[in-house]
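In the working numbering, the protein residues as written are 1 to 223. C-beta: ideal position from N, C-alpha, C; glycine also. Notes to accompany the following structure.
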């Protein structure tokens, strides 16, 4: 039986704040301390499915946001120029600080690298953008009325979620990435466009050697 669309009404501001803290801060802490080392992808997919269900139930949320690339003409140049500069900085950084990591996945874990290039955008990127951009922007807008505050909230929660990998670089890298992705989503309102941007950076990190920091085995970096 088909469930009718509804306009999703948020709870009171205090309850919404408690929910926000619980979902985006308490749960990552729980994951880190209790089930660290567990592959996060089932949780990522589950959160993406939840966000998708929430957004589809909201009749005022534009369905075109899921698959249209509106905003590419206006924001594509900025996205690719920024990516080029940051990719160059990342490549130089890893070459200078961790040369043993440079192109580690393509050279030594070719099968894993190819799998990541194909399935990472589908199984990790798009679900995360559903959750940390579309859902967060839609659900928690009452807590962050200005666009800039909303962008920072999205970036902070996205970066904080990566404490599960047990290393500071993972948090810092995703904090910067989260800011870029939040800006793109805020300006374009396109989940697909921001997912493509996210996939560019994620595949870059796994290719040049920074994927070590966002690997499910990256807790070994603390040892």
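Sequence-distant Cβ neighbours of residue 11 in its own chain, meaning closer than 6 Å and more than five residues away, do not exist here.
For a cut-off of 8 Å, the C-beta gap from residue 45 to residue 127 is around 5 Å, short enough to register as a contact.
When only Cα atoms are considered, residue 181 and residue 210 end up about 19 Å apart. Following the DSSP letters along the chain, one finds residue 196 inside the alpha helix (DSSP H) bounded by residues 191-208. Ranked by how close their Cα comes to the Cα of residue 51, the residues 16, 200 and 191 have 191 in first place.
Ranked by Cα distance from residue 133, the options 55, 114 and 172 are led by 55. Counting only runs of 3+ residues, no beta strand (DSSP E) is found wholly inside the segment 96-151. Between the segment 20-34 and the segment 154-163, the count of C-beta pairs closer than 8 Å reaches three or more; the two stretches touch. Nearest to residue 77 by C-alpha distance, out of 197, 49, 107 and 111, is 197.
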